[in-house]
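Down below is the structure, laid out as structure tokens.
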Amino acid sequence: MEFGQRIAFTIFLVTFLGFFLSISQSYTFYVGGRDGWFLKPKEDYNQWAGRNRFQINDTLIFRYKKGYDDVLEVDKDDYYNCNKENPFLALKDGESVFKFNRSGPFFFISGYADNCQKGQRLIIVVLHPRGNPTNAPSPVAANPPSPSPSHSPS
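Residues in the sequence shown are numbered from -9 upward in steps of one, following this note's numbering.
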């Protein structure tokens, strides 16, 4: 392989690995920070969520006292009405893990007593994956440069 091809291959490889690492990176978020998931946190859960950027494959960890609280994933209407009857998912183990598998909004409420009505609920919006637009045209030079004449020693 000649030197120019090696350089081109190396640049391609570094670019590919950088892209792969950027899309495969995920983060873990502790809901409520050190305090965990409970009624009347120091910072409102939705304010906390607004300060963070969530992406597919990121993970939420809800920490709470088992048997005294839980986490329900619900739809938008059930979130706003604090309806605990039809959750998509009920997490009850005291250290619940939830991994985002798609972009869009996710709605969580406490299923314990009337905690949701008192504000123990959370909306997370997961961002769409970053990437290059698939239909974007390649830039084309208006007047491609003409090759410069080569000078050979005489």
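Built from N, CA and C at the ideal position, the CB exists for glycine as well.
As the structure is a computational prediction, the values presented were derived from the model and not from experiment.
Express the C-alpha separation of Lys108 and Phe88 in angstroms, rounding to a whole number.
Position 98 of the sequence shown, counted from the first residue, corresponds to residue 88. Position 118 of the sequence shown, counted from the first residue, corresponds to residue 108. Roughly 23 Å between the two C-alpha positions.
Among Ser86, Glu75 and Arg43, whose alpha-carbon lies nearest the alpha-carbon of Ile114?
For the purposes of this step, residue 114 is taken as residue 124 along the sequence shown, with counting starting at 1. It is Arg43.
Exposed or buried, Glu(-8), counting other C-beta atoms within 10 Å across all chains shown (16 or more means buried)?
The residue labelled residue -8 in the question sits at position 2 within the sequence shown. Glu(-8) should be labelled exposed.
With a 10 Å radius around its C-beta and 16 neighbouring C-beta atoms as the bar for buried, classify Pro77 as buried or exposed.
The sequence position of residue 77 within the sequence shown is 87, counting from 1. Answer is buried; the Cβ neighbour count reaches 16.
Where does Tyr58 sit, in a helix, a strand or coil, going by DSSP?
In the sequence shown, counting from the first residue as 1, residue 58 sits at position 68. Residue state, collapsed to three classes: coil.
Starting from the Cα of Phe98, find the closest Cα among Tyr17, Thr49 and Leu79 and give me that residue.
For this step, residue 98 is matched to residue 108 along the sequence shown. Ranking the options by Cα distance to Phe98, first place goes to Leu79.
Along the chain, where does the beta strand (DSSP E) containing Gly40 start, and where does it finish?
Here residue 40 is taken as the residue at index 50 of the sequence shown, counted from 1. First-last for Gly40: Tyr35 to Gly40, but that is the alpha helix (DSSP H), not the beta strand (DSSP E).
Identify, in the order they occur along the chain, each residue of the same chain with its Cβ nearer than 8 Å to the Cβ of Lys66, setting aside the five sequence neighbours on each side.
Taking the sequence shown and counting its residues from 1, the one referred to as residue 66 is at position 76. Taken in chain order, the residues that qualify are Pro95 and Phe97.
Expressed to the nearest angstrom, what Euclidean distance is found between the alpha-carbon atoms of Asn91 and Phe28?
As a working mapping, residue 91 is identified with position 101 in the sequence shown. As a working mapping, residue 28 is identified with position 38 in the sequence shown. Roughly 25 Å separates the two Cα atoms.
Taking just the CA atoms, how far does Gly23 sit from Gln37?
Position 47 of the sequence shown holds residue 37. Position 33 of the sequence shown holds residue 23. Cα-Cα distance, rounded: 13 Å.
Would you call Arg(-4) buried or exposed, if buried means 16 or more other Cβ atoms sit within 10 Å of its Cβ?
Looking up residue -4 in the sequence shown gives position 6. Counting Cβ neighbours within 10 Å, Arg(-4) comes out exposed, since fewer than 16 surround it.
Does the distance from the CB of Ser93 to the CB of Val61 come in under 7 Å?
Here residue 93 refers to the residue found at position 103 of the sequence shown. Here residue 61 refers to the residue found at position 71 of the sequence shown. No.
Whose C-beta lies closer than 7 Å to the C-beta of Glu85 among residues of the same chain, with five residues either side of it excluded?
Reading the sequence shown from its first residue, position 95 is the one you call residue 85. These residues qualify, in order along the chain: Ile51 and Arg53.
Closest by CA to Lys55, which one among Tyr69, Ser100, Asn73 and His118?
Looking up residue 55 in the sequence shown gives position 65. The option with the nearest alpha carbon to Lys55 is Ser100.
Helix, strand or coil for Arg172, going by three-state DSSP, please let me know.
The shown model of the chain, from -9 to 144, leaves out residue 172, and the question about it has no answer.
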